[in-house]
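Each residue of the sequence shown is one higher than the one before, starting from 509 at the first, in this note's numbering.
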Amino acid sequence: MIEKGFLGIKPIKFNEIEFIGDFYQTRMSSAYYLSKQFIQNILYAAYHKAITIKDIANLLAVDTNLVKDEVYHLEDNGFMDKVSEDKYITNILIHDLPIDICEKRNKLFSEYANIVCKKYMPTLFNEFVGNAFIRSARSGDLRSPPSVGNAFIRSELDIEHLSKQGIYVPENDINFLMYSIVTLACCKNNFSHDILKHYIKRNDGSEYIAVASLQKSFLQDNSIDKYNTSGEIIITHHLQEVYPFVTWHYNTFYDSRRIDLRYISNHLFECLYDFIIGRLKCNSDLLNQSSLHKTTSIDIFNNLLKHGFITESFNKNTNYNVNMITSKMSMIDLLSMIPEPPDDFKEINYNLYENIFNLCKDFYPEHRLDLFNDFCKNIHISGEVVSRVLEILLEKNMLKQLTDSQKKTVNMILFLNTK
C-alpha cells in the first residue's frame, strides 16, 4: 500500500515505455502524453486498485485540481478506466520487479537467446549471407571462422537480388541489413494473437496497449539496463494519400537514438520521403529558391543529417544519400523471405512463457494478470530477448560493430508505396 504523500516525496519514473499494437503517426499522438513524470505518477498511484481523484492527489501531495483534468484526459485516451461513480484505475501494464526476480528472469532470457542463436540463426544467415556460415555452425563452432568473413563479401549478389525487388540498403552493407533481418526474424517467431484482445482504441486513431517499467537504481547498471528496450514499433502515416509509407523500428542498446518513438518526429519521416521521391531537392536547385524557402530547405537537410536519416558524400559536388533501409516490398512480403524457426520452437517458446509468468505473476495486481499472462506469451520476441540475441551474434563475430552513422538508423525500415 502506498502511503499518503509518498509519491510527492519520492516520485517514480518510467524507465521506458513500450507501445504494442498499431500506430497512426500524427502530430498529436496520445503516446506523447505519457512522457510527463507527473502523469506517470498519477498512473502508478491508481495502478494497484481503483481510487478517487482525491486519493491520487493525496498520494502525490498535490492539490486535487492539478490531478482532475489529467485523470479525465487519461480516461479519455484509454490509459485509465472509471470503474464507479468516483473511482479510477490505471489501464496500462507496469513492470515493478525486485532485483532477485529480475536476476532470475534475466537468466531465463539469456538461456533462451542462446538457443535462438544455436538453432535458428544458422538457417537465417545461410539464407541471407551464404553457405559459409552454415558449414561452421554444423561443425559446432559459432565463432565465425575466416570463411564467414568471406560470406559478407560474396553476399553482394544477395544485395543485388534484394535491390531488384525494391529493397535499398545504404552502401550495400549486408552487416547493416542483417541487424534488421535478425530482429525481424525474432519478431516473426510464433507471435501469439491473444494479446490483440487487450488493444485499446485511442483518440488519435491508434490501437495499442502501453507497457512501462519503473526506473530503479539497480537497473541503471549497464549490464542490465542495455537489455531494457522499447521493442518493435510499426507506424502507419495517417495521411496515406500524401505519405504512403509505414515505418518499422526496433530500438535496442546497439542504436544511438532515444528509446521511445515519441522522440522520432513524424516530420522527419515526411521529409525523408519527400527527399526519396524528389519533392525535396538541394544543391543547385536550392540556390535558385527564394531566401525564405532556401533557409527552410537547408534547415530540413540539417535536421535529416543530425538524426542520421541522410549522410553527405563529397565528390565533385556535395551529395546526400539515404542512410536508412527502404523497401518497395510490403512488410508481409519481406517477412515471407525470412525462414521459419524450427518446429520445436513452439514448445521452447511456451516453456519460456510459462517460466516467466510463474516467476513474476505475484508482482502484478489481480486486474492486470490476464494482460500480463497474454503479454508473456510473446515474451520471446521482447527487447530483452532481441538485445541478447544481437549481443551473442556480435560476440561470435556473426555480426560486426556498426559505425556511428549506422547506429542512428539501425533496425529502421521505411516501407514505401503502401497504398
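The beta-carbon is built from N, C-alpha and C at its ideal position, and this holds for glycine as well.
Where the alpha helix (DSSP H) through residue i begins and ends
i	result
E619	607-627
H888	Per DSSP, H888 belongs to no alpha helix (DSSP H) and is neither H nor E.
S835	Where S835 is concerned, there is no enclosing alpha helix (DSSP H), although the beta strand (DSSP E) it sits in stretches over 833-835.
H581	572-584
F865	853-868
K562	561-568
K904	Taken as a continuous stretch (DSSP letters only), K904 belongs to no alpha helix (DSSP H), as it is neither H nor E.
D681	No alpha helix (DSSP H) holds D681; DSSP gives it neither H nor E.
K557	Careful: K557 lies outside any alpha helix (DSSP H) and carries neither H nor E.
Span of the beta strand (DSSP E) around residue i
i	result
L722	715-722
L601	601-603
C597	Note that residue 597 is Ile in the sequence shown here, rather than Cys. I597 -> beta strand (DSSP E) spans 595-598.
H775	Counting along the chain, H775 falls outside any beta strand (DSSP E), though it belongs to the alpha helix (DSSP H) covering 774-785.
M920	920-924
Distance between residue j and residue i (C-alpha atoms, nearest Å)
i	j	result
I525	G786	35 angstroms
R613	I607	10 angstroms
L910	A569	47 angstroms
F546	F522	11 angstroms
L788	F817	14 angstroms
Y596	M588	6 angstroms
S655	N585	Confidence at S655 is low in this model, with a pLDDT of 37, below 50, so its placement is unreliable and no value can be given for it.
N810	Q548	34 angstroms
H888	I806	44 angstroms
N881	I808	45 angstroms
M906	F753	31 angstroms
D878	S714	22 angstroms
W756	F617	24 angstroms
K696	L780	27 angstroms
K590	E583	7 angstroms
I833	Q914	11 angstroms
H745	Y751	7 angstroms
Q673	D681	16 angstroms
L986	K627	Outside the shown range of the chain, which is 509 to 927, sits residue 986, and nothing can be said about it.
S721	R876	14 angstroms
F633	F853	18 angstroms
M686	F636	8 angstroms
E593	D604	29 angstroms
G529	I742	8 angstroms
Q723	I520	7 angstroms
Which of helix, strand or coil DSSP assigns to residue i
i	result
N590	First, the amino acid is wrong: residue 590 is Lys here, not Asn. Residue state, collapsed to three classes: strand.
G739	strand
E524	strand
E530	Rather than Glu, the amino acid found at residue 530 in this sequence is Asp. Here D530 sits in strand by DSSP.
K709	strand
S688	helix
N759	strand
N549	helix
E820	strand
H745	strand
N829	strand
F699	coil
I675	strand
V750	coil
E848	coil
Cutoff 7 angstroms: residue i Cβ touching any chain C Cβ
i	result
D594	Among the protein chains of the structure shown there is no chain C, as only one such chain exists.
Check whether residue i and residue j have beta carbons under 7 angstroms apart
i	j	result
L542	T598	no
F693	I600	According to the sequence shown, residue 693 is Ala rather than Phe. Not in contact: A693 and I600 (Cβ atoms no closer than 7 angstroms).
A554	I561	no
Y716	F527	yes
N759	T737	yes
S835	F777	no
K885	S671	no
N566	K908	no
M873	H556	Here the sequence assigns Pro to residue 873, which means Met is not the residue at that position. Against a cut-off of 7 angstroms, the Cβ pair of H556 and P873 comes out as a contact.
N831	P678	yes
T631	P847	yes
Closer than 6 angstroms: residue i CB and nearest the ligand COA heavy atom
i	result
G816	Annotation note on the ligand COA: not contained in the displayed structure, which lists no ligands.
Exercise for review: Count the C-beta pairs between the region 612-628 and the region 889-896 that are closer than 8 angstroms, then say yes if the count reaches three, no if not.
Suggested key: yes
Check your understanding: Quick check: the region 864-877 against the region 704-723, are there 3 or more CB pairs under 8 angstroms?
Key -> no
Review point. Should the region 913-924 be called in touch with the region 751-763, which here means at least 3 C-beta pairs below 8 angstroms?
Key: yes
Point to revise | Inter-stretch contact (C-beta, 8 angstroms, three-pair minimum) for the region 851-863 and the region 577-595 | key: no
Practice item. Count the CB pairs spanning the region 894-903 and the region 683-693 that are closer than 8 angstroms, and state whether there are at least three. Key: yes
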